[in-house]
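Undergrad:
Residue numbers (our numbering): 4 to 113.
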């Protein structure tokens, strides 16, 4: 963060809420005046990986504080997409453990 910009919080988030709120964000103070800023997309929403799209995504949320923080920030590196790739509903079976899982992690039907 630039000198002189000092919000009164160290963590600020807007969580997603199914099914209506599919976008969220968060900013977390890390160290040395550095912040981790996250954009969250759920239910088919994708977060942009270009700086302008990222800022527009944050500006479009109900929580203006994270967008304000991002506007004052100097990026420390590239924007990275997160999340998991979409899979068809039948790609995961309750009797097949996730990759790398042990018997302790095996999925069991309820």
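Note that CB positions come from ideal geometry on N, CA and C, so glycine has one too.
Along the chain, where does the alpha helix (DSSP H) that runs through residue 58 open and close?
TA: That run of the alpha helix (DSSP H) goes 54-62.
Undergrad: Could you tell me if residue 60 is buried or exposed, where buried requires 16 or more neighbouring beta carbons within 10 angstroms of its beta carbon?
TA: It counts as buried.
Undergrad: Strictly by DSSP, which residues pair up with residue 38?
TA: Paired residues: 32.
Undergrad: Regarding residue 69 and the ligand GTP, is the C-beta to nearest heavy atom distance less than 6 angstroms?
TA: Ligands are entirely absent from the displayed structure, and the ligand GTP is therefore not among its contents.
Undergrad: Can you tell me whether DSSP reads residue 16 as helix, strand or coil?
TA: Of the three classes helix, strand and coil, the one that applies to residue 16 here is strand, per DSSP.
Undergrad: What's the C-alpha gap between residue 114 and residue 15?
TA: Here the chain covers residues 4 to 113 and nothing more, so residue 114 does not appear.
Undergrad: Quick one: what's residue 26 bridged to in DSSP?
TA: Paired residue(s): 44.
Undergrad: Using the C-alpha atoms, what's the distance from residue 27 back to residue 64?
TA: If you take the alpha carbons of residue 64 and residue 27, they lie about 7 angstroms apart.
Undergrad: Just verifying my parser: in three-state terms, what is the DSSP assignment at residue 70?
TA: It is helical.
Undergrad: Buried or exposed for residue 13, please, with buried defined as at least 16 other CB atoms from any protein chain shown within 10 angstroms of its CB.
TA: That one is exposed.
Undergrad: Less than 7 angstroms between the beta carbons of residue 72 and residue 18, yes or no?
TA: Taking 7 angstroms as the Cβ cut-off, residue 72 and residue 18 do not qualify as a contacting pair.
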